[in-house]
Amino acid sequence: MALVLILQLLTLFPPASYHPKPWLGAQPATVVTPGVNVTLRCRAPQPAWRFGLFKPGEMAPLLFRNVSSELAEFFLEVVTPAQGGSYRCFYQRPDWGPGVWSQPSDALELLVTEELPRPSLVALPGPVVAPGANVSLRCAGRLRNMSFVLYREGVAAPLQYRDSAQPWADFPLLGARAPGTYSCYYHTPSAPYVLSQRSEVLVISREGEGPEARPASSAPGMQAPGPPPSDPGAQAPSLSSFRLRDPGV
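See the structure below:
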């Protein structure tokens, strides 16, 4: 009796080695502004005939796609912040039997926002530079795979750029030239750009001088960041309603 029960469970919920999980990605990005059209792509490691998209915690899948291929696309039109969150997908083959699905994909986190959270800016090893020593400024946000920009008070153009797979980026400075007032921000690496607020300013001083901190908005010569230099005219689209479009309609 126990053996029969085990076989039934394996039929409905097969091990990952039998029906491996698919991959789920987003175009144009996993972080977008409201009003952008987003395509979620579920790719199976083998040909499938049906795909499902769902959000963990909801009772039923959001969408199904009947396609005879290894790829299914789910279209989210004019997204709103309410449609952000975690998504997963799975697939089915006709030779698996009724009700048998693959393991779900890894979760994809979709963030729909007008502005990213403000980063922090700290000095490593500290904001007071000893003679002959160098310092590194770390701009830290909350998201991975972002582009980071460092500014120095009194200099109109960005001082340094960094693309980082981590939720932070380090900007090395030579000790002799390090003293000054700095701030940073980060943004999505490609259009449509989503920008963060500017960090609070950080004052780097020579040994014997005391650093002071003040909000970035009060620092002379420092303005809120605009669109990334690679796309000076980039603007966030306006907030709109959310629709799901079936490509067969």
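Residue numbers for the sequence shown, in mature numbering (1 follows the signal peptide of the UniProt record, and there is no 0): -18 to -1, 1 to 231. Glycine residues also receive a C-beta, built at the ideal position from the N, C-alpha and C atoms.
Under the three-state reduction of DSSP, Arg159 is assigned to helix. Shown here, Gln28 sits in a strand according to DSSP, grouped into three states. As a beta-bridge residue in DSSP terms, Pro154 pairs with Ser118. Distance from the CA atom of Trp83 to the CA atom of Gln179, rounded to whole angstroms, is 43 angstroms. Per DSSP, the continuous beta strand (DSSP E) segment holding Ala54 begins and ends at Leu45 to Glu59.
Just measuring C-alpha positions, the residue of Ser187, Pro99 and Arg144 sitting nearest Gly123 is Pro99. In the structure shown, the three-state DSSP call for Asp145 is strand. As the crow flies, the alpha-carbon of Ala105 is around 48 angstroms from that of Tyr73. In the structure shown, Gln65 adopts helical secondary structure according to DSSP, grouped into three states. Contact between the stretch 145 to 152 and the stretch 115 to 132 is present, with at least three C-beta pairs closer than 8 angstroms. 8 angstroms or more divides the Cβ of Val13 from the Cβ of Leu132. Annotation for Gln9: the continuous beta strand (DSSP E) segment containing it runs Trp5 to Gln9. Gly17 and Pro113 have their C-alpha atoms spaced approximately 52 angstroms apart.
Per DSSP, the unbroken beta strand (DSSP E) holding Val131 starts and ends at Met128 to Arg134.
Arg70 is a Cβ neighbour of Ser87, given a cutoff of 8 angstroms. The Cβ neighbour count for Arg134, taken over all protein chains shown within 10 Å, is at least 16; the residue is labelled buried. Contact annotation: Ala89 and Ser68 have beta-carbon atoms nearer than 8 angstroms. Counting along the chain, Ser187 sits inside the beta strand (DSSP E) bounded by residues Leu184 to Arg188.
Here the alpha carbons of Val111 and Leu155 stand approximately 10 angstroms from one another. Its chain contains Tyr168 as the residues whose beta carbon lies nearer than 6 angstroms to that of Met128, once the 5 sequence neighbours on both sides are disregarded; these appear in chain order. Contact between Leu22 and Ala8 holds: their C-beta atoms lie close to 6 angstroms from each other, under 8 angstroms. The beta carbon of Pro29 is closer than 6 angstroms to those of Glu52 in its chain, skipping five residues each way along the sequence.
Within the model, the alpha-carbon separation for Pro2 versus Arg25 is close to 11 angstroms. Within the same chain, and ignoring the five residues on either side of Glu97 in sequence, no residue has its Cβ closer than 6 angstroms to its Cβ.
Phe46 and Ala64 have their C-alpha atoms roughly 21 angstroms apart. Within the DSSP secondary-structure output, Thr21 pairs in a beta bridge with Gln9 and Phe57.
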